[in-house]
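Visitor: Chains as they are written, first to last, in the UniProt record's numbering: chain A, 1 to 313; chain B, 1 to 313; chain C, 1 to 313; chain D, 1 to 313; chain E, 1 to 313; chain F, 1 to 313.
Quick reminder that beta carbons are idealized off the backbone N, C-alpha and C, glycines included.
1) What does residue 242 of chain A reach in chain B if we use C-beta pairs closer than 9 Å?
2) Tell me whether residue 102 of chain B sits in a helix, a strand or coil according to DSSP, three-state version.
3) Ordered along the chain, which non-local residues of its own chain (more than five positions away) have a Cβ less than 6 Å from that of residue 315 of chain E?
4) List the residues of chain A whose Cβ lies closer than 7 Å to the Cβ of residue 283 of chain F, in chain order.
5) For the structure I just gave you, are there three or more beta carbon pairs, one from the stretch 283 to 293 of chain F and one from the stretch 200 to 208 of chain F, closer than 8 Å?
6) Taking 9 Å as the CB-CB limit, is residue 209 of chain C close to chain E?
7) Does the distance between the C-beta of residue 84 of chain A and the nearest non-hydrogen atom of the ligand SAM fall short of 8 Å?
8) Could you give the first and the last residue of the continuous alpha helix (DSSP H) run that contains residue 142 of chain A?
9) The alpha helix (DSSP H) that contains residue 15 of chain A, what's its start and end?
10) Is there a C-beta anywhere in chain D that falls below 9 Å from the one on residue 53 of chain E?
11) Considering just the uninterrupted stretch of the beta strand (DSSP E) at residue 90 of chain B, what are its terminal residues?
12) Residue 159 of chain B by DSSP, collapsed to three states: which one?
13) If you measure between the beta carbons of residue 2 of chain F and residue 20 of chain F, is that distance less than 9 Å?
14) Please determine if the stretch 87 to 96 of chain B and the stretch 106 to 126 of chain B are in contact, where contact requires at least 3 C-beta pairs separated by less than 8 Å.
15) Check the Cβ-Cβ distances between residue 150 of chain C and every residue of chain D, and say whether any is below 9 Å.
16) From the beta carbon of residue 27 of chain C, is the nearest beta carbon of chain A less than 9 Å away?
17) Since residue 281 of chain F is in the alpha helix (DSSP H), which residue starts that stretch and which ends it?
18) Quick one: measure Cβ to Cβ for residue 22 of chain C and residue 64 of chain C, integer angstroms, because I've assumed they're closer than 8 Å.
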């Protein structure tokens with residue numbers, strides 16, 4: 001069985017992959033038949049594929065997110081390569097198996113979860129410790145598998161966890177430098193800031209924004225999750241309000257969707273650290289497509305800048 | 001007893017009024033004593049006052065919001081008038097009595113509440129009817145007495161109710177013109193849009209922003225009130241999400257503090273109608289200080305415009 | 001004869017329609033001949049059409065806006081349908097007949113004009129009544145047939161009148177709520193605010209912006225129309241200046257092309273009501289293409305928002 | 001008789017001056033009497049003055065803009081000087097005489113008018129020549145005496161003419177460099193661009209904005225003046241529309257109050273040249289108060305910049 | 001030999017031209033071969049060309065910027081014309097010869113350089129004269145041949161010199177009007193303001209931005225060139241700092257890339273004159289594609305305006 | 001001798017302090033004499049002082065920044081205290097001694113310099129190591145003593161060093177998290193990013209902006225310092241250009257005065273870390289004046305936000 005990255009023109013290959021996009025086309029000519037335009041993906045990469053002779057049943061089951069096994073011939077087409085599918089069969093898999101065909105975070109999930117859990121256990125504030133632990137517990141499976149976005153950055157399996165983990169490490173470094181912050185508040189804010197995404201997005205695999213996600217946004221969704229959890233556990237008062245504030249303010253500016261601006265130091269740091277990690281991920285994404293010494297096209301999400309990849313990186 | 005509006009230089013007067021501002025000063029000269037700078041207010045207007053010989057106890061009890069009875073002499077000072085207090089005594093009053101010394105809405109509270117309640121009773125959606133009725137019931141006293149803001153517009157007793165009432169009337173007119181709106185949703189949104197202000201502000205009398213109000217804002221506070229009420233009553237689904245959306249989106253733009261923009265017609269109308277009523281109130285406030293044919297100074301809250309009061313108005 | 005909306009693949013049809021777009025193409029192959037790409041439209045909808053064998057004369061007369069009668073075969077092509085024209089003939093029609101093939105306002109012209117005229121007749125200010133009546137009289141035919149724009153909203157026959165009518169109804173509702181407005185001024189402003197469009201646009205049918213329209217804009221064109229009419233009728237003074245002001249200020253902000261900002265209440269309301277009606281029309285336009293529960297693409301004219309069409313609408 | 005600039009502490013002086021500001025104060029002490037706070041101005045400068053013993057009649061006639069003759073003693077007060085008025089009498093003067101007490105343009109009016117008139121006479125377009133000549137003729141007295149603004153720049157007698165003259169000279173230099181401009185159009189635009197100010201401002205002496213000026217603005221006022229003049233003289237067509245366009249577009253951006261943006265080269269140059277002359281005047285005004293090598297405070301009208309006056313200037 | 005502008009369908013032509021764009025395509029059909037998509041340019045214009053049968057060596061040498069000689073047949077294709085290349089051969093040429101195939105400034109280089117040099121010689125400040133002369137001397141060849149930009153305006157051979165020359169003429173006209181400027185400073189600023197472009201761009205022919213150009217920008221590059229030259233020649237003090245300031249501030253606003261705003265009059269004029277010349281060039285560029293009486297599409301670099309080309313120009 | 005913080009009303013005190021502000025006043029009454037308004041400061045705090053009987057010589061030597069020794073009586077005045085100076089004498093001190101009377105960074109200079117120097121020594125790039133070391137060596141005294149600004153944040157002795165030190169610590173934490181950065185470049189950028197401030201500001205004691213500082217800004221000044229140092233040491237190429245880029249881009253946005261935007265990851269991090277440290281310092285400054293649970297006034301430098309100091313901090 002070949003990995004997609006290893007496929008070259010004129011090879012006959014067998015493969016297991018996930019269908020990350022699919023559409024049905026009509027052949028030209030007298031007897032128009034349906035065919036399938038596919039993008040097949042495994043963790044090594046992706047390839048365009050055409051299946052010229054699917055049955056009606058094939059067309060029904062080859063949906064986005066289906067894991068398939070098959071064989072075909074690789075040809076060169078325009079400047080890239082394409083697979084002519086010979087045989088294709090949909091496999092019954094669990095979601096966990098399905099995720100193995102998709103890109104994921106570069107760190108082990110257990111390592112990251114341990115960092116999160118240890119941080120929670122070390123909180124001295126019972127209220128913040130209980131609220132954070134209980135929310136992460138309630139949404140553990142989603143928190144561990146969801147991406148942090150559908151594009152731009154952290155748009156891969158475990159992206160939400162990886163983003164949270166990196167931010168937590170940076171926040172700890174900053175807390176060490178200044179020494180006068182409410183660390184429990186800051187770390188609880190980091191861990192919970194994007195939790196609303198488990199309802200804003202439809203799932204870990206081929207995610208899209210839900211209607212609720214579009215109409216309310218992850219900031220307000222996450223806010224009510226914290227408020228309801230605090231009420232349920234019987235916690236009130238300034239600590240809870242500050243945690244709500246951190247989540248509401250974490251986009252830093254009204255025009256980025258925060259209804260209030262950061263008014264305490266921990267909220268300001270949460271916003272700035274979120275920004276650092278998002279931007280590093282966007283730089284890395286842009287660098288992927290650049291050769292050393294090359295300048296990128298303008299990148300909308302980075303204020304329309306061009307980026308430069310140095311010769312030495 | 002004289003109304004403040006009727007006081008003229010060289011009158012000796014008796015009065016009942018509320019202390020709307022107070023500070024303690026020190027007299028010049030050898031034997032420095034405390035004196036009180038006061039702004040006294042009744043429903044007819046307000047007047048600066050100096051009390052040159054209060055006791056220490058007087059200084060303690062003459063706080064902002066106290067209702068007082070007293071006598072004094074009115075003098076002219078610079079271009080305006082001032083009262084030299086002769087005698088002053090703090091009265092024990094209920095909050096209801098206290099409010100009678102403050103400006104309030106130009107309509108009867110019962111008339112306005114009837115409009116609100118009738119609108120709720122006529123809603124065909126059980127979910128929206130129950131949620132709206134229950135929230136207004138829970139916060140009835142505050143909803144009926146609070147201002148809608150601490151300055152700029154509707155900054156008077158019953159201001160929140162009056163603002164809601166006017167908006168509801170306009171929204172009904174608009175609903176009649178188009179005929180294809182979800183009226184229940186629109187009217188529930190109008191009635192609840194500013195309910196979070198009952199927690200954002202400290203009270204009906206001499207209100208200020210609470211810490212919770214500053215840190216979370218009435219939009220997010222109101223949002224969690226609705227979400228928790230819906231969960232408590234067992235309502236879920238699109239209707240609830242849309243009502244949450246209307247409240248979150250009612251400032252219309254991110255830069256005005258809405259985390260999401262209006263995405264359904266009823267949300268857009270709610271925002272626009274809120275805007276109409278706020279602006280009419282700001283115009284009226286600016287006109288108060290203008291003679292017919294006069295142009296105002298620049299008004300920050302109205303995009304730094306000058307306003308003109310026509311000769312005929 | 002078939003309505004366009006009723007045409008289905010594999011039907012042979014006869015039709016009467018207007019050509020709303022047309023371009024000439026060249027066939028492939030050895031003997032390149034001209035063919036016509038057409039969009040045919042009647043009040044029920046529109047359809048792409050190809051005419052493979054027009055004569056040179058056909059190519060000359062099948063211009064945008066021509067009303068045609070013909071027959072053809074409907075085929076399916078890609079995901080939509082297309083007509084293969086068999087026969088086509090241009091009809092001699094009046095402009096009034098031509099408009100019958102184009103979408104128009106959902107209300108009867110006479111009903112709308114009656115509302116306008118009654119409103120004018122009820123004005124107590126002789127100056128405002130005479131100026132408004134005379135201007136509407138001078139431009140009656142255009143005012144009744146023009147669209148209010150070439151795209152985005154009210155871009156259909158009678159669009160200008162329909163937009164004016166809806167605004168007038170809303171303005172009356174608002175005037176009722178507040179009770180202290182100069183209704184004559186407000187209603188005259190509503191009726192005349194977009195009158196400059198009769199010179200800014202080229203006509204009721206397949207309109208485009210005139211050079212004068214681009215160089216001066218309908219706000220300034222309309223302003224001079226009012227000023228010249230007032231001078232001609234011998235009216236001067238504040239009422240006239242205020243009416244000029246309402247028209248100049250009706251876009252509400254400098255960046256939307258108003259040279260002055262609303263400085264009286266009636267000008268502010270005119271701006272806000274214009275906004276309401278424009279936005280409702282843009283929402284309706286966006287909803288047309290959406291299924292219940294679907295979210296739209298980003299809409300540039302609505303601040304790049306996505307809109308949501310609720311399940312229940 | 002002393003010039004104001006020559007007055008020094010401890011001098012007894014006689015003077016003729018204009019009252020550029022005046023307010024009435026009340027003396028302290030038992031027997032409160034009215035006194036006058038004055039700013040007296042002649043072409044050499046201005047001085048604060050107090051008149052401690054005016055009669056009621058004096059208070060009535062000593063209005064802003066009055067020309068007075070008197071005597072007094074100069075004293076030093078805080079860091080500056082002040083005059084203690086001994087005697088003061090209002091003179092009957094013509095407006096022409098009155099203007100002699102106010103700052104005016106540094107060039108002779110006749111020299112400037114000759115440049116304007118010669119430019120008009122040399123226009124090859126009869127339409128532009130007639131319209132421009134007739135409008136300047138109609139408003140000759142105001143055009144020659146009005147300032148171009150009430151503050152910031154060209155806020156002095158003949159300021160409008162001087163501003164127009166300087167712009168005309170620069171525009172001619174630019175026309176020479178490029179050689180492919182419609183010079184008649186450009187020069188007519190320069191001469192008429194601010195003519196609406198003769199109605200926007202109340203007069204040449206101590207001017208303020210009129211109600212019409214605030215409600216319509218000099219751009220729209222000037223626009224209707226041109227349109228009505230063209231109609232009256234029977235000129236229509238592109239040349240007239242372009243001249244209207246130049247006046248409407250001369251602020252260059254919507255946010256500066258132009259309803260349309262420059263769409264032809266001559267309109268763009270008019271805007272840019274207007275900008276140059278305004279900014280040079282603002283720099284000169286700021287330099288007046290600066291020593292060589294000194295940096296100014298932030299200047300709001302110049303984008304909040306600080307300016308630097310070089311050692312050598 | 002035919003000029004490109006003279007080529008018409010059905011002609012067989014010979015030509016000399018420069019390759020301004022080139023890409024390699026693959027033919028359809030069984031035996032896929034490489035072919036060349038070319039844009040050929042001479043000073044008269046440009047034409048699309050296809051070469052269906054190049055050798056591998058031809059594909060290697062037909063690079064962007066190559067000067068070629070050849071023959072072919074002109075055909076009409078869609079709405080424009082295309083050349084089918086029969087023979088093509090790359091010529092060995094000097095860069096000077098190569099530039100003759102590209103559009104260049106409409107004025108003679110020697111005439112423009114004389115104006116620059118005379119201006120330098122007439123400077124009374126030894127420091128400014130020496131610095132300016134030495135920098136122009138060091139970069140003489142580039143200064144004379146480079147464009148001023150890669151698109152939008154002055155994107156042709158000698159564009160930098162032509163832009164500098166036109167600005168110098170306008171600046172002199174302005175200096176004449178005001179009479180109180182530091183002319184040496186202003187003219188030195190004009191001459192040197194864009195000199196950093198000789199490092200920001202890669203060359204005179206088919207220029208692109210260098211990595212250094214993207215990372216530092218011509219403003220900062222030019223600034224260090226002046227500072228290092230002044231240090232090398234031993235000049236210090238205010239004159240040098242002001243010249244540095246003029247170059248740093250010449251984009252006029254932070255958002256256009258100037259790190260400081262103009263703080264002296266000469267800096268302000270430099271910015272405004274740069275703006276005038278850039279905008280005139282952009283108008284001319286837009287007018288090229290317009291017929292008299294036609295309106296352009298929206299032009300991004302001119303604030304998204306449409307431009308109008310008058311009937312008479 | 002008393003520390004200023006310990007002074008209370010009715011004490012007679014002796015003191016040593018620095019004059020941080022001074023102005024000369026005139027006494028009222030017949031025989032006007034000069035007196036001195038002083039603000040005296042030591043590291044414990046500051047106090048208003050009046051010296052009613054200075055000699056002319058005293059007035060000359062009591063300048064801003066002078067260190068004085070004296071005695072006086074402390075009185076209460078309005079709501080604060082004031083010293084009535086009895087005797088005052090200017091001391092001859094070195095600048096080092098003078099700084100002891102001013103607030104300074106909360107960390108030891110040697111500790112901070114060791115961190116900087118160790119970081120430089122550990123750089124693997126010879127070019128970056130040599131350039132950074134040599135520049136810090138050249139400006140060692142200023143780099144160690146200057147503030148980082150005249151107000152808002154780090155406006156104290158060693159402020160520049162302290163700001164650089166904190167940023168370096170945070171940058172190291174971030175570098176650890178990502179692991180794929182050019183650490184030498186990032187750390188060199190941090191150390192040198194504000195070095196231009198040693199020329200932008202006038203000195204460590206009572207600093208103001210120099211003319212050069214205003215006209216060029218510390219970004220461009222620092223840029224030329226690096227470029228000239230690199231040229232002097234013979235280093236060229238990408239590493240140097242990237243270091244220049246980091247300094248030019250460190251304000252992150254054009255509108256904050258960076259002529260280019262960050263285009264490599266290290267530049268982005270430098271900007272974000274600069275931002276973190278500046279904002280933490282502004283929060284701390286704002287918190288100083290707030291009691292726990294109190295909300296601040298709007299703070300212009302923090303986007304006009306109000307800040308909240310939690311009960312527990």
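Guide: Short version:
1) 215
2) coil
3) Any question about residue 315 of chain E goes unanswered here, given that chain E covers just 1 to 313.
4) Those within 7 Å of residue 283 of chain F in chain A are 265 and 268.
5) no
6) yes
7) What this structure holds is no ligand at all, so the ligand SAM is not there to describe.
8) The continuous alpha helix (DSSP H) containing residue 142 of chain A extends over residues 140 to 145.
9) Not the alpha helix (DSSP H): residue 15 of chain A falls in the beta strand (DSSP E), residues 12 to 26.
10) Not one chain D Cβ lies under 9 Å of residue 53 of chain E.
11) 80 to 91
12) helix
13) no
14) Flag = no, the stretch 87 to 96 of chain B and the stretch 106 to 126 of chain B do not touch.
15) Output row for residue 150 of chain C: interface = no.
16) It does not: the Cβ of residue 27 of chain C has no partner Cβ on chain A nearer than 9 Å.
17) 265 to 288
18) 6 Å
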